[in-house]
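In the working numbering, the protein residues as written are 4 to 128.
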């Protein structure tokens, strides 16, 4: 295990980000089954590993990572830690749920259609 600024931290990645030797599904079993496992990690994964973090798995994404509700008919809907009776929301819901449920310290998600947004300008409240 490498040491670095993220030593001891666990992370997950949304299932549209490549991890060498593990098929990427984009939330779709048909896509996963039609494509071979990547031979290289995505750059962001390599950078986190080089900083000492440990990847503990892929996080569920809804089909083709394009939804606002975060439900997956194929892999199961990620558990909403704050409200288990409600949907988790967004195609990166698996990434958020892996952290909220204590499975990882942080996670990498993506924003293909509105699932993750960053406040670009500070707003006065």
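Yeah, the Cβ is synthetic: ideal placement off N, Cα and C, and Gly gets one too. None of the values given here were measured: they were computed from a predicted structure.
- By DSSP's assignment, residue 110 forms a beta bridge with 15.
- Taking every protein chain shown into account, the CB of residue 51 has 16 or more other CB atoms within 10 angstroms, so this residue is buried.
- If you keep only unbroken beta strand (DSSP E) runs of at least 3 residues inside the region 35-65, you get 57-62.
- According to DSSP, residue pairing for residue 22 in a beta bridge involves 25.
- With 16 or more other CB atoms across the displayed protein chains lying within 10 angstroms of its CB, residue 107 is buried.
- A contact is defined here as three or more CB-CB pairs under 8 Å, and the region 33-47 fails this definition with respect to the region 91-109.
- For residue 97, the three-state secondary structure derived from DSSP is helix.
- Our two residues, residue 86 and residue 99, have alpha carbons roughly 13 Å apart in a direct line.
- By the 16-neighbour rule on beta-carbons within 10 angstroms, residue 96 is buried.
- For the pair residue 64 and residue 17, the Cα-to-Cα distance works out to about 6 Å.
- Straight-line measurement puts the Cα of residue 78 at about 26 Å from the Cα of residue 56.
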